[in-house]
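Structure first, then comments.
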Amino acid sequence: MMDENMLRMQREAVERVRQMQERARKYVENDGHFKEEKQQADQDKTLAEGLKPDLPENKLSAEKPGLIKKKSPSFLDGLWEDSEQLFLLMLAVLLVRNDAPIELVLALLYIAM
1089 MMDENMLRMQ
1099 REAVERVRQM
1109 QERARKYVEN
1119 DGHFKEEKQQ
1129 ADQDKTLAEG
1139 LKPDLPENKL
1149 SAEKPGLIKK
1159 KSPSFLDGLW
1169 EDSEQLFLLM
1179 LAVLLVRNDA
1189 PIELVLALLY
1199 IAM
């Protein structure tokens, strides 16, 4: 009886996680700001790799005075900071999609938190 309740609650928890991930995915797909920020970050990264960091004139030429970009805050900003946590969450999603044992998925989610 108690094991059945525990398994039911675990299944419900996994279903809620799946629903939240689906909502987050839809939010990101619909959020053009996030895509623009990612593209800008990629461009900045390639630009920074092409410049030599020890030359101050390169830094000045890359930054134009008067142009200040304002980033809009996103609830996903903190997700990209911890690559280990992101890896564990992605692994949990893959396991759920491949019908892995729920105990394994919950253990990974516990470790990720």
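If you're matching positions, the sequence shown starts at 1089 in our numbering and goes up one per residue.
Think of the CB as a built atom: it goes at the ideal place given N, C-alpha and C, for glycine as much as any other residue.
- A1101: member of the alpha helix (DSSP H) spanning M1090 to N1118, first to last residue.
- If you ignore the 5 residues before and after R1106, its C-beta comes within less than 7 Å of the C-beta of V1184, all in its own chain and listed in chain order.
- Between the alpha carbons of M1089 and L1194 lies a distance of about 20 Å.
- Counting only unbroken stretches of 4 or more residues, the alpha helix (DSSP H) elements lying wholly within the stretch 1166-1196 are 1171-1185, in sequence order.
- Per the C-alpha coordinates, the member of M1108, Q1109, E1169 and E1191 positioned closest to D1091 is E1191.
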